[in-house]
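Asker:
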Amino acid sequence: MREVVKIAQFRFGALRSARSAISRTLSSKAWREAVRLVDHREASLELTRIRH
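FYI, in my numbering the residues of the sequence shown are 823 to 874.
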């Protein structure tokens, strides 16, 4: 039973560290740049669809 608790705690810890890493990435300039590029690509795809 104790092993299960250890595994659960480990999983939760990994999840929390992953979430904090993700939030650090979200706040970084590189991520915003990537989002901007993706948005730009989506917009140009939309324009292409409208033209045809």
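Note that CB positions come from ideal geometry on N, CA and C, so glycine has one too.
1) Tell me which residue opens and which closes the alpha helix (DSSP H) that Ser-842 is part of.
2) Do you know offhand how far Ser-842's Cα is from Ser-850's?
3) Could you compute how far the alpha carbon of Leu-867 sits from the alpha carbon of Arg-858?
Answerer: Quick answer:
1) Element bounds for Ser-842: 824-849.
2) For Ser-842 and Ser-850, the distance between alpha carbons rounds to 13 Å.
3) Leu-867 and Arg-858 have their alpha carbons spaced roughly 14 Å apart.
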